[in-house]
Amino acid sequence: MANRILIYRRGGLGDTLLTFPLAEIFKRKGFEVDCVGNTDYFKLAKLVGYTDGIFSQFPSDLSRYKKIVLISAYRFLEIPNALWVTPFPTESIHITLHYLKSLGLEGIPFSSELSLPPLKGWEGRVVIHPGSGSPKKNAPLGFFKNLYTLLEKRGFKPLFVLGEAEYHLEEELRGFETFKVEKLVEFARLLKGAKIFIGNDSGFSHLAGYLGIKTVVLFGPTDPVVWRPLGKGVKVVFKSLPCSPCFPQVCFHRECLNFSPQEVVKLLD
Numbered sequence: 000m001a002n003r004i005l006i007y008r009r010g011g012l013g014d015t016l017l018t019f020p021l022a023e024i025f026k027r028k029g030f031e032v033d034c035v036g037n038t039d040y041f042k043l044a045k046l047v048g049y050t051d052g053i054f055s056q057f058p059s060d061l062s063r064y065k066k067i068v069l070i071s072a073y074r075f076l077e078i079p080n081a082l083w084v085t086p087f088p089t090e091s092i093h094i095t096l097h098y099l100k101s102l103g104l105e106g107i108p109f110s111s112e113l114s115l116p117p118l119k120g121w122e123g124r125v126v127i128h129p130g131s132g133s134p135k136k137n138a139p140l141g142f143f144k145n146l147y148t149l150l151e152k153r154g155f156k157p158l159f160v161l162g163e164a165e166y167h168l169e170e171e172l173r174g175f176e177t178f179k180v181e182k183l184v185e186f187a188r189l190l191k192g193a194k195i196f197i198g199n200d201s202g203f204s205h206l207a208g209y210l211g212i213k214t215v216v217l218f219g220p221t222d223p224v225v226w227r228p229l230g231k232g233v234k235v236v237f238k239s240l241p242c243s244p245c246f247p248q249v250c251f252h253r254e255c256l257n258f259s260p261q262e263v264v265k266l267l268d
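Quick note on numbering that gives the first Met the number 0: the sequence shown kicks off at 0 and runs consecutively.
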């Protein structure tokens with residue numbers, strides 16, 4: 000059996016990025032690392048050298064792997080070389096630390112920044128993403144419009160980015176400069192060259208933080224202790240209400256997402 004490891008993680012972009020430190024650590028330990036999940040997301044890991052093979056489905060021969068790390072809410076594969084890790088920690092610790100502890104890797108350092116080469120075009124831009132994988136986590140669109148306007152008045156160069164889940168907002172954002180994300184790697188390399196990123200608890204926020212740019216993340220119903228993006232330039236805005244965090248059982252009023260543009264802009268100095 001070769002010195003090979005398979006990491007399985009399905010889910011959104013943020014979920015996938017939070018597993019990259021595992022791949023990096025195993026790679027540094029001398030393993031050949033393959034990953035199963037969204038291949039567009041794992042392509043980023045391949046580009047920075049954290050993984051060798053990426054697959055949308057399990058390879059046919061699992062016996063060639065010394066270990067298979069299954070990050071899943073369900074224990075669906077019962078084979079001797081499988082290590083099951085739940086994606087929902089039972090204690091209030093960061094999800095990546097939970098993964099490392101579960102696999103006996105706690106204390107091993109990993110990179111805080113993805114070393115993707117930037118593309119020119121967004122130098123000096125403040126990139127704003129008004130969406131996420133769940134509308135329950137999104138601050139009101141009106142807040143983001145007001146934030147864009149305030150940033151312009153303060154001399155910044157804002158830009159709205161829309162993922163596939165936000166394409167329908169294009170008409171509502173007429174009059175604002177927008178960019179539709181269609182190719183993730185291209186977007187990541189453009190984002191690498193930006194000045195600042197502002198967004199909800201979303202996959203794009205995780206990507207921005209991990210790319211090393213100054214990133215302001217608005218947390219409402221989710222727990223920033225667990226789900227904070229990786230990266231040294233990340234700043235979290237969180238009201239820490241008595242009822243927070245509550246996700247996925249969120250209330251109608253969502254006071255936790257009632258932010259002002261001014262409090263966010265203060266963090267950009």
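All C-beta atoms, glycine included, are put in the ideal place defined by N, C-alpha and C.
- With respect to E23, Y49 sits close: the two C-beta atoms are nearer than 9 Å.
- Pairing G36 with S59 gives a Cβ-Cβ distance that is not under 9 Å.
- Within the DSSP bridge table, the entry for Y73 names no partner.
- Nearest to S111 by alpha-carbon distance, out of V216, R3, L266 and L16, is L16.
- Within the DSSP secondary-structure output, Y147 pairs in no beta bridge.
- At the C-beta level, L267 and K191 stay beyond 9 Å of one another.
- Residues of the same chain with a CB within less than 8 Å of the CB of V180, apart from the 5 flanking positions on each side, are V160, L161, G162, E163, F186 and F203 in chain order.
- Here L183 is near Y40, since their CB atoms are less than 9 Å apart.
- Sorting G198, N199 and F178 by C-alpha distance to the C-alpha of L189 places F178 at the top.
- Inclusion of R3 and K65 in the CB contact set at 9 Å is warranted, their separation being smaller than that value.
- The Cβ atoms of G211 and G230 lie closer than 9 Å to each other.
- Within the same chain, and ignoring the five residues on either side of T95 in sequence, the residues whose Cβ sits closer than 6 Å to its Cβ are L17 and P20.
- Between Q248 and G29, the alpha-carbon positions lie close to 43 Å from each other.
- S259 counts as exposed, since fewer than 16 other C-beta atoms from the protein chains shown sit within 10 angstroms of its C-beta.
- Boundaries of the alpha helix (DSSP H) around D14: L12 to L16.
- For E31, the closest alpha carbon among the candidates K42, R9 and R63 is that of R63.
- In this structure, the straight-line span from the alpha carbon of I127 to that of F196 is close to 6 Å.
- The beta-bridge partner set that DSSP reports for Y64 is empty.
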